[in-house]
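Student: Shown below is the structure under consideration.
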Amino acid sequence: MKIGLVTYKPEFVEGFEPHVYYSKWADGQVFPAAVGMQNDITVFCDAKAIREDPSIVAVSDSGPALRRNRRSNLPFDFVCPTHPGYRAKVLQYIESVAEKDVAGVTLNLYHFPDQEYCTCPRCTELRQKSGLDWTEWRAKTVTNFLKEAKAKVKGTFAVELFPDPVLSKERFGIDLDAICGLVDYLHVPLSSRDYLTNYWVDLITRDFIAIFKKPVMVELSAEMPTDEKLDALLKTVAYLSRHKLDAVLLLVHDSENAKNIAKFAVQNSDFQGWLEKYDFKEMSRIVDNWAKLY
Ligand SMILES: [Zn+2]
C-alpha cells in the first residue's frame, strides 16, 4: 500500500507518494498546475462563478443548489452540469492543467448536487429529447462529461467520489460501472475531525474495494493537532493497510504537517510495538521507510 498526500500547496514531501494537489477549489479559486503531481480539479462547485452569474446554479423544486438553501443539505454551491458556457470554461481549465507536465488529473464534484437536481428548463428539455428516465439521463450526462474531460488528459485520470457505494447513481448521477471503465483509480475521501472512532473507515473502504474493479485510494484528514488524534489516525491507516487498498492519502495543511506525521510514527516506540504485536507488516514497512528519512 502506498501512502500519499493531498495538499493545498504544491510541495513534494519525501516518504509520501502519490502527491495530489488541489488546483481548483470549490470556492472558485484556480491555481497554476503543479508539475509532477496529480492535480485535483473541482468541477461543478464554484461559489465565485455563481456569485458572478447566479443564473448558472443548479435548481430543484426545493430551491437552488446553494449551501444557504437549508431545504437541501449541500456542502457546496453547485453549478448546473449542463450549462454550456460553464462546461466549456471548466473543460478549458482541465485542458490547460493537463497540457503541463503533470502526473495526471483527478476530478471532484463533477456530478449533480443531489437526487432532485437539476430541473432547470435546459435540463428538462435535454432529458425529454433523450427519451431516457430521470436517473438514466442524469447518469449519462455525468458519464459523458467525464468522457469529454478524459479525452483532454494524457496522464493518470481519476475521480473523487462521495463515500456512498449504494445510492451514487440515483442521487448524484454517478454510474460506478461506467466510471470504472474510464478511470485509472478511484479516490474516496473519508474526512473527519479525528479517527478516535474508526470502524466506519474500515467498513466503507472494504465496500469500495469489493465493488470497484479498479484501484481504490482512500483520503483521511490529517491536520491533527494532538498526539492522541495522531495516534488514532496512524492506527486507522494501519487497519486500512491490511486490505487490498492502492493508497491512503493524507490531507495535510502543508509539508511541515506531513513531516510531523512521519516523525510522530518514527519517534513513537509504543506505536511501533503495537504494530509489531498485532502483525501490521505493511504499516511497519511504511514506518521503517519513514525512519530512513526522518
Ligand atoms: Zn440544469
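Take the sequence shown: its position 239, counting from 1, is numbered 239 in my numbering, and each next residue is one higher. Cβ coordinates follow ideal geometry from the N, Cα and C atoms, glycine included.
Write down the C-beta distance between cysteine 346 and proline 81 rounded to the nearest angstrom, noting that I regard them as a contact closer than 8 angstroms.
Tutor: In the structure displayed, the chain extends from 1 to 294; residue 346 sits before or after that span and is not available.
Student: On the premise that tyrosine 195 lies in contact with leucine 220, defined as a C-beta separation below 8 angstroms, what is that separation, rounded to the nearest angstrom?
Tutor: Mapped onto the sequence shown, residue 220 falls at position 220. Mapped onto the sequence shown, residue 195 falls at position 195. Indeed they touch by this definition, with Cβ atoms about 7 angstroms apart.
Student: Exposed or buried, which one is serine 191 when buried takes at least 16 other CB atoms within 10 Å?
Tutor: By 1-based counting over the sequence shown, the position of residue 191 is 191. Exposed, because fewer than 16 other Cβ atoms sit within 10 Å of the Cβ of serine 191.
Student: Going by DSSP, what residue range makes up the alpha helix (DSSP H) through glycine 273?
Tutor: Here residue 273 is taken as the residue at index 273 of the sequence shown, counted from 1. Element bounds for glycine 273: 269 to 277.
Student: Sorry if obvious, but does the Cβ on cysteine 45 come closer than 7 angstroms to a heavy atom of ligand 1?
Tutor: Working through the sequence shown from its first residue, we reach residue 45 at position 45. Checking the Cβ of cysteine 45 against ligand 1 gives no.
Student: Write down the C-beta distance between leucine 249 and methionine 217 rounded to the nearest angstrom, noting that I regard them as a contact closer than 8 angstroms.
Tutor: By 1-based counting over the sequence shown, the position of residue 249 is 249. By 1-based counting over the sequence shown, the position of residue 217 is 217. Yes, leucine 249 and methionine 217 are in contact; Cβ-Cβ is about 5 angstroms, under 8 angstroms.
Student: Where does the unbroken beta strand (DSSP E) through alanine 247 begin, and where does it stop?
Tutor: In the sequence shown, the residue the question calls residue 247 occupies position 247. From DSSP, the beta strand (DSSP E) with alanine 247 extends over 247 to 251.
Student: Tell me, please, which residues DSSP counts as bridged to histidine 19.
Tutor: Taking the sequence shown and counting its residues from 1, one reaches residue 19 at position 19. According to DSSP, which records beta bridges pairwise, histidine 19 is partnered with Leu5.
Student: Quickly, what does DSSP pair glutamate 52 with across the bridge? List them, please.
Tutor: Mapped onto the sequence shown, residue 52 falls at position 52. Paired residues: none, contrary to the question.
Student: Taking only runs that begin and end inside the segment 184 to 232, name each unbroken beta strand (DSSP E) of 3 or more residues, in chain order.
Tutor: You should have 185 to 189, 216 to 221.
Student: I'd like the list of long-range same chain contacts for leucine 233, defined as Cβ closer than 7 angstroms, with 5 residues on each side in sequence excluded.
Tutor: Locating residue 233 in the sequence shown gives position 233, counting from the first residue. Closer than 7 angstroms at the Cβ level, and outside the excluded window around leucine 233, lie Tyr195, Leu220, Ala222, Met224.
Student: What is the rounded straight-line gap between the Cα of asparagine 198 and the Cα of glutamate 125?
Tutor: Taking the sequence shown and counting its residues from 1, the one referred to as residue 198 is at position 198. Taking the sequence shown and counting its residues from 1, the one referred to as residue 125 is at position 125. One C-alpha to the other measures close to 45 angstroms.
Student: Are at least three pairs of beta-carbons, each pair with one atom in the segment 108 to 123 and one in the segment 49 to 66, less than 8 angstroms apart?
Tutor: As far as the Cβ criterion goes, the segment 108 to 123 touches the segment 49 to 66, which means the pair count is three or higher.
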